[in-house]
Each structure stands twice: as C-alpha cells, then as structure tokens.
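Novice: To convert, note that position 121 of the sequence shown is 120 in numbering that gives the first Met the number 0; the numbers rise steadily by one, no gaps. In this text, a Cβ means the ideal position worked out from N, Cα and C, and glycines have one as well. Quick caveat, the model's predicted, so the values are computed rather than measured.
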Amino acid sequence: MKKVKEITIFILAVVAVATSVFLIFQTLMPNKSKTTTTAEVKTSTKHSSSSSSTKKQQLTLVALGDSLTHGVGDTNNDEGYVGRIKTKLEAKDPVEVKTYNYGKTGDRSDQIKARVEKNTTLQENLAKADVITLTVGGNDLMQVLQQNFLSLADNKLSSAMPQAKENYATKLQQLLQTVRTYNQKAPIFLISVYNPFYVYFPTLTQIQKYTTEWNKVTKAVLNDERPTYFVNVEAKLSEGQYYGRSKETLLKSSTADLADLSDKQLEKVLTNDQEKNDYLSPADHFHPNAKGYDYMTQQLFKTMQKHKSTWLNGD
C-alpha cells in the first residue's frame, strides 16, 4: 500500500509541476507564429504554398481549451495541433485558414467558460468562426483525483466518481451552450482526454477506467449539442507505441509488480527522465510531444474531412 500511495503522489505531483514548468518553457522558447496578439491568444495567418490562382475559401478556426490547445510539449513550436491542422487543411482543401488560439494551460471546463464570458475579443472571433476546436476535461478529471487522493491510493475511487461525472457533464454542457451564444452554426470538434500514466503503471487500472468513462460522459453531452463531433485520441496517446499490441508486451517492459520493488528501485522509476511513451514529452511525462500532436492532428483532420460539408462551402 505504501508504494501505491507513493506512485499516486508522483502522479499528482507531475500534474502540478507540469503546468508551472511548461509555462516557463513556453515563455523562453522562441515563438514561430506569424503574429501573436497576447500571451494567451495566438493567431496564425501563414499562406498555403499551393497556387494562388485558385479562389480559396477564407476559413476561420477558433481553438478553445487547455494546455493541449496551447501546445504545451510541442518542441516544433507549432502551437500543437492548431498550427498543424492549418497546414493540413490548406494542403488538402481550397481554403486559407486563419487560426485564433485560446488555449490556456491548467484550465478546467468552468474556467474556459469564464474566459469566453469575459473576453470580448474571443467572443468576436467565435462569432466569425467557421470551425471551433476544443480540448477540455483533463484538468477536471485531475482535480477529482487530487480531491480524492486517499480514495485513489486505496483503490476506492468508485464512490466519488458518479457525482464527479455528473458535475462534469453539467459544466461541459454549460461551456458548450456559452460558446453557442456567440456562434450557433460552426461545427465544434472536441478532442478526447487520455491517460498519460498508462505505459508507466498499466496495473493501476483505476485511472484508465475513469479516463474512458470521462470520455463517455463527453460523448453523451455532445449528442445533445449538435453540430459537435468527438475526436478520439485516448487509446493511442495512452498506450503509445504499445497500441495494438498485447498488454503482456507492455507488462514485460513496465514496472507492473510494484510490490517487488525496493524503495530505491521505485524512486528510480519515478524520477527517470526518459519518456516510456513515444507520443509524450519527456519533460513532464504528461503532455504530447511533436509525434503526439501529429497524431492528434491526424485524428482531428480525419473527423473534419468526414464532416466537411459543415465547414467547407459547396462541398
């Protein structure tokens, strides 16, 4: 039990430290965006390299959300999925895309909603958006884990989760309704949450279980708030390079039998600066790296192409 609690402390500590570390990291790294309006909002107006002789639709994409929209962990400094989806859309479709990035590290669903309600520039950009993307829910889930630390360590989190999921569903619905106050027509593409600790501790099944249930709550809310579409990245970002392989393969390379570890061995596992998940950043073992954002963008692009008639004129 002592070791499980130590691991739980590590997991929650990573969540807290990752936010502050990457805020500093993002400040120090050079910004390659064409223009930056504020520290919170980044706009990109790069032109596609394709022929300018073809008349293109002007597409406005507004990205709302947390650190995954902000692009934390992206060593390519391309605003995570936001810069990448612009590039992919302009390469595929007759569009010129302008993006507005309103991702803010650490925000929960209620905090994103509060920003929408207070920021008049954000409201104006939402009103003219042709596409809205959203990352939300990860910080809500981590807040539940932090508030129920002892239940998580003792494997009794199930008692707290029903009310937590109900509260999240209400907050997410309120957020979507607030966004719809300013734009009723633009499709919203919401990207799922994932479990960044799966590869390290695959036998701690509670976190994976509730990550999956959190996504089910999100999908249920989206069903009542159309046009909204769910972009599922959970399995690949959680399982990394082990996705599609037998769980035994992962167990052989992981610290599965925690009870067999000495305290010194456990400390070595928890302080290892080498990332075991090829899709996550070694700087915090939590956010996607460039490869992770590439995958997230691929999934978003596929979903957008599937529902292209909702945002591309004449298609």
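1) Nearest-angstrom Cα distance between Asp77 and Thr180?
2) Give a yes or no on contact between the stretch 155 to 168 and the stretch 87 to 106, applying the rule of three or more CB pairs nearer than 8 Å.
3) Check whether the Cβ atoms of Ile187 and Leu133 lie closer than 8 Å to each other.
4) Would you mind reading off the limits of the alpha helix (DSSP H) that contains Tyr294?
5) In its own chain, which residues sit with a C-beta less than 6 Å from the C-beta of Asn276, not counting the 5 before and 5 after it?
6) Locate the beta strand (DSSP E) running through Gly64, then write down its first and last residues.
7) Contact between the stretch 276 to 287 and the stretch 216 to 224: three or more CB pairs below 8 Å?
8) Specify the secondary structure class of Val339 as computed by DSSP and reduced to three states.
9) With the cut-off set at 8 Å, would you say Leu125 and Glu95 are in Cβ contact?
10) How would you write the range of the alpha helix (DSSP H) that Gly137 sits in, first residue to last?
11) Using the C-alpha atoms, what's the distance from Leu144 back to Trp310?
12) Between Val230, Ser245, Asn288, which has its C-alpha nearest Lys305's C-alpha?
13) Could you check the C-alpha separation between Arg244 and Phe300 for me, to the nearest Å?
14) Do Asn288 and Gln56 count as a contact pair if the criterion is CB distance below 8 Å?
15) By DSSP, does Tyr228 sit in helix, in strand, or in coil?
16) Rounded to the nearest angstrom, what separates Thr302 and Asp129 at their Cα positions?
Specialist: Here's the rundown:
1) Stepping through the sequence shown from its first residue, residue 77 is reached at position 78. Stepping through the sequence shown from its first residue, residue 180 is reached at position 181. Distance between the alpha carbons of Asp77 and Thr180 is about 30 Å.
2) no
3) Position 188 of the sequence shown holds residue 187. Position 134 of the sequence shown holds residue 133. Judged by beta-carbon spacing, Leu133 lies within the 8 Å limit of Ile187, meaning their Cβ atoms are closer than that value.
4) As a position in the sequence shown, residue 294 is number 295, starting the count at 1. Looking at the DSSP string, the run of the alpha helix (DSSP H) that includes Tyr294 is 289 to 305.
5) Stepping through the sequence shown from its first residue, residue 276 is reached at position 277. Cβ neighbours of Asn276 beyond the five flanking positions: Val198, Gly239.
6) As a first step, residue 64 is located in the sequence shown; it is residue number 65 there, counting from the start. DSSP places Gly64 in the uninterrupted beta strand (DSSP E) bounded by 56 to 64.
7) no
8) The structure shown has nothing for residue 339, since the chain only spans 0 to 314.
9) Position 126 of the sequence shown holds residue 125. Position 96 of the sequence shown holds residue 95. Their beta carbons are not under 8 Å apart, which means Leu125 does not touch Glu95 by this criterion.
10) Taking the sequence shown and counting its residues from 1, the one referred to as residue 137 is at position 138. Element bounds for Gly137: 137 to 146.
11) Along the sequence shown, read from residue 1 onward, the residue named residue 310 stands at position 311. Along the sequence shown, read from residue 1 onward, the residue named residue 144 stands at position 145. If you take the alpha carbons of Trp310 and Leu144, they lie about 37 Å apart.
12) In the sequence shown, the residue the question calls residue 305 occupies position 306. Lys305 has its Cα closest to that of Val230, out of Val230, Ser245, Asn288.
13) Start at 1 with the first residue of the sequence shown, and residue 244 comes out as number 245. Start at 1 with the first residue of the sequence shown, and residue 300 comes out as number 301. Those two C-alpha atoms are separated by around 25 Å.
14) On the sequence shown, position 57 is the one that residue 56 refers to. On the sequence shown, position 289 is the one that residue 288 refers to. With contacts defined by Cβ atoms closer than 8 Å, Gln56 and Asn288 do not form a contacting pair.
15) As a working note, residue 228 is residue 229 in the sequence shown. The answer is strand: DSSP assigns Tyr228 an E or B state.
16) The residue labelled residue 302 in the question sits at position 303 within the sequence shown. The residue labelled residue 129 in the question sits at position 130 within the sequence shown. Approximately 15 Å, taken between the alpha carbons.
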